[in-house]
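Q: Before I ask anything, let me first share the structure, which is written out below as structure tokens.
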Amino acid sequence: MPRYYPEDSLASPRFTGPSTFARLPWVRTLEDVDVAIVGVPFDTGVTYRVGGRFGPNAVRAASVMLRPYNANLEVKPFDVLSCVDYGDVSIVPGYIDRSYAAIEALVAPIVKAGIIPLLIGGDHACTLPHLRATRTRGPVAVIDFDSHTDAWDSYFGEKYNHGTWMRRAIEEGLVDVGHSIEVGLRGSVYEAGDWTGLRTELGLEYLTTEEVLARGPDSVAASIRARVGDRLAFISFDIDVVDPAFAPGTGTPEPGGLSAHDALAIVRRLRGLDFVGFDVVEVIPAYDPAGQTAFLASNLAYEMLSLVALRRVGQ
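The C-terminal position of the sequence shown is numbered 1593 in this note's numbering, with every residue numbered one higher than the one before it.
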């Protein structure tokens, strides 16, 4: 039995008690932990809507609806994994460099201890320090679910924001480019080569939303798995890859995206990959009046935990 386990929702109503992810203990320890859920209340890197700093607690609040058994993957992740809510990074509002340093400083010891970090953002700029914290594992195969490439060289002359993290991570040698993929690109761009340049300039594979919707979850997941192979894998899930009809609470929405069902279905089909980290980012509760974006984000995180649990039990 894992040392750390969620509070039983049949023993006390899920709307009571402290708001932690999945009602897990709020513990900052590196002992007897398999997965640490970390909040990153950071939105200094955004280029449009702000408010992602409130995302972690919104996702935590929605996660009280998660139940012990994942019926789709046939696993009880919290029976297999010892998980904790590790609390939040003490970011420095308005200062990207100092916040990046704080994120890396908190996450690096988690990785060094052999624990898998699952970060809840926050804007997508927080993925770069997360990957920096994972550098001790070597370059990782990044599976980036996103409607945008996030591979600009700069934006208004600035090298660090939520639209540049992928390029910076590649430049810093953090990404196993030949085994990484971006999934769900769509919408208007600045130049004709903004997507194709991922392949020709960076060597990064991608699937557009049109391709994803035409092929379906089974085929898309098979392509992702083939691309990653046996490399160490890292999922970064920008909630804006999902259509704003299902996930309106985000910073740079793009119409015509994945359904909530397809997003969950694709993630579930990535079982067997060797994951070293996850993040779910760009949830902004101010634009999420019914809470559906936060509920989806919490369920995506739950599916990620379930993937780790399945690998631990050899499935």
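Glycine included, each C-beta is placed from N, C-alpha and C at the ideal position.
Quick test of the definition: if touching needs 3 or more C-beta pairs under 8 angstroms, does the region 1560-1577 touch the region 1343-1354?
A: They touch, by the three-pair rule.
Q: Decide if the region 1481-1495 is in contact with the region 1548-1555; the criterion is three or more beta carbon pairs, one per stretch, under 8 angstroms apart.
A: No: the two stretches stay apart, fewer than three of their Cβ pairs being nearer than 8 angstroms.
Q: Reducing DSSP to helix, strand and coil, say where Asp1496 ends up.
A: Three-state result, Asp1496: helix.
Q: If you run the structure through DSSP and keep just helix, strand and coil, what is Tyr1364?
A: In the structure shown, Tyr1364 sits in a strand (DSSP, three-state: E or B).
Q: Going straight from the alpha carbon of Arg1493 to that of Ser1297, what length do you get?
A: Going from the Cα of Arg1493 to the Cα of Ser1297 covers about 39 angstroms.
Q: Cα-Cα, which of Gly1441, Ile1544, Trp1443 is closest to Ala1500?
A: Closest by alpha carbon: Ile1544.
Q: Measuring only the C-alpha atoms, how far is Tyr1468 from Arg1445?
A: Each residue's Cα considered, the two are about 17 angstroms apart.
Q: Within the continuous alpha helix (DSSP H) that includes Ile1544, where are the two ends?
A: Taken as a continuous stretch (DSSP letters only), the alpha helix (DSSP H) holding Ile1544 covers 1538-1546.
Q: Thinking Ile1393 and Leu1308 are a contact (beta carbons under 8 angstroms), I'd like their distance in whole angstroms, please.
A: Contact flag correct, Cβ pair sits at about 6 angstroms.
Q: Tell me whether Ser1290 is buried or exposed, calling it buried when 16 or more other Cβ atoms sit within 10 Å of its Cβ.
A: Burial call: exposed.
Q: Over the uninterrupted alpha helix (DSSP H) stretch that includes Tyr1580, give me the two end residues.
A: From DSSP, the alpha helix (DSSP H) with Tyr1580 extends over 1570-1590.
Q: Could you give the residue range of the alpha helix (DSSP H) that holds Tyr1378?
A: Tyr1378 -> alpha helix (DSSP H) spans 1374-1390.
Q: Could you check what DSSP says for Val1455 in three-state terms: helix, strand or coil?
A: Helix.
Q: My assumption, with CB atoms under 8 angstroms, is that Gly1529 sits in contact with Tyr1378. Please give the rounded CB distance.
A: So it is not a contact: roughly 18 angstroms between Cβ atoms.
Q: When DSSP labels each residue in this structure, what does Asn1348 get in the three-state scheme?
A: Three-state DSSP puts Asn1348 in a strand.
Q: Please classify Phe1434: is it buried, with 16 or more other beta-carbons within 10 angstroms of its beta-carbon, or exposed?
A: Under this definition Phe1434 is an exposed residue.
Q: I believe Arg1415 touches Leu1510 by the beta-carbon criterion, under 8 angstroms. Please report the beta-carbon distance rounded to the nearest angstrom.
A: Right, the Cβ-Cβ distance comes to about 6 angstroms (below 8 angstroms), so this counts as a contact.
Q: Could you check if Ala1391 is buried or exposed, using at least 16 other CB atoms within 10 Å of its CB as the buried criterion?
A: It counts as exposed.
Q: Kindly indicate which three-state DSSP category Trp1304 falls into: helix, strand or coil?
A: Strand, per DSSP.
Q: Expressed to the nearest angstrom, what Euclidean distance is found between the alpha-carbon atoms of Asp1516 and Tyr1283?
A: Rounded to whole angstroms, Asp1516 to Tyr1283 spans 27 angstroms at the Cα level.
Q: Should Ala1587 be labelled buried (16 or more other beta-carbon atoms within 10 Å of its own) or exposed?
A: Answer is buried; the Cβ neighbour count reaches 16.
Q: Determine the burial state of Ser1432: buried for a count of at least 16 other Cβ atoms within 10 Å of its Cβ, exposed for fewer.
A: Label assigned to Ser1432: exposed.
Q: Counting only the same chain and skipping the five closest in sequence on each side, list residues whose C-beta sits under 6 angstroms from that of Asp1312.
A: The residues are Leu1359, Ser1360.
Q: From His1408 to Val1370, what distance separates their C-alpha atoms?
A: In a straight line, the C-alpha of His1408 is about 16 angstroms away from that of Val1370.
Q: Considering only their Cβ atoms, is the gap separating Phe1524 from Val1554 smaller than 8 angstroms?
A: It is not a contact, given that the beta carbons lie outside the stated cut-off.
Q: If I follow the unbroken alpha helix (DSSP H) through Ile1448, where does it start and stop?
A: Start and end: 1443-1449.
Q: Report all residues from its chain with a CB closer than 7 angstroms to the CB of Ile1448; omit the five preceding and five following residues, and keep chain order.
A: Within the same chain, Ile1448 has close Cβ partners Val1455, Leu1480.
Q: If you measure between the beta carbons of Leu1581 and Leu1542, is that distance less than 8 angstroms?
A: Strictly speaking, residue 1581 in this sequence is Glu, with Leu absent from that position. Going by C-beta atoms, Glu1581 is nearer than 8 angstroms to Leu1542.
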